[in-house]
Amino acid sequence: MLWVSTPLWLVSLILALYTYPISRRIRSNYYASTSLIGLLLSYIILWLAGNRQQYSFYSVQFVPLVYVNLIIVFYNVVLKPRNLLINIEMIRGFMERILRRTWDYYL
363 MLWVSTPLWL VSLILALYTY PISRRIRSNY YASTSLIGLL LSYIILWLAG NRQQYSFYSV
423 QFVPLVYVNL IIVFYNVVLK PRNLLINIEM IRGFMERILR RTWDYYL
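Mapping the sequence shown onto this note's numbering, position 52 (from 1) lands on 414, and the numbers just tick up by one.
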């Protein structure tokens, strides 16, 4: 069962990271994305701190967050294409600011 849902988990994580910039405007997306990313980061920090024995039952906490995030992102981005365009513009502006600061720093 886990191997079937693994691609959905990856898609959910990618969508959570991709739609995070617009999540400040859409609160339902913000809570779902922040919960999923926060839980994943907490397990990564725990693993880096030395806990190498993370068992498969830890994934039980991810199941509701993954599917709720998929449904909310699908609703807010796919069914409302204007949100997708706003998100693309926000990411583009963010990347331009990073590149401009990097360019100014090194020149």
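Yeah, the Cβ is synthetic: ideal placement off N, Cα and C, and Gly gets one too.
Since the model is a prediction, treat every value here as computed from it, not as a measurement.
Express the C-alpha separation of residue j and residue i in angstroms, rounding to a whole number.
i: Arg-414; j: Leu-441; result: 41 Å
i: Ile-448; j: Trp-371; result: 25 Å
i: Tyr-467; j: Ile-460; result: 10 Å
i: Pro-443; j: Tyr-382; result: 16 Å
i: Leu-398; j: Ala-411; result: 20 Å
Given residue i, which residues of its chain have a CB within under 6 Å of its CB, disregarding the five upstream and five downstream residues?
i: Leu-364; result: With a pLDDT of 49 at Leu-364, under the threshold of 50, the modelled position of that residue is not reliable, and no figure is offered here.
i: Ser-374; result: Val-428, Asn-431, Leu-432
Please say whether residue j and residue i have beta carbons closer to each other than 8 Å?
i: Val-439; j: Leu-432; result: no
i: Ala-394; j: Ile-434; result: yes
i: Phe-436; j: Leu-401; result: no
Apart from the five residues just before and just after residue i, which ones in its own chain have a Cβ nearer than 8 Å to its Cβ?
i: Arg-386; result: Tyr-392
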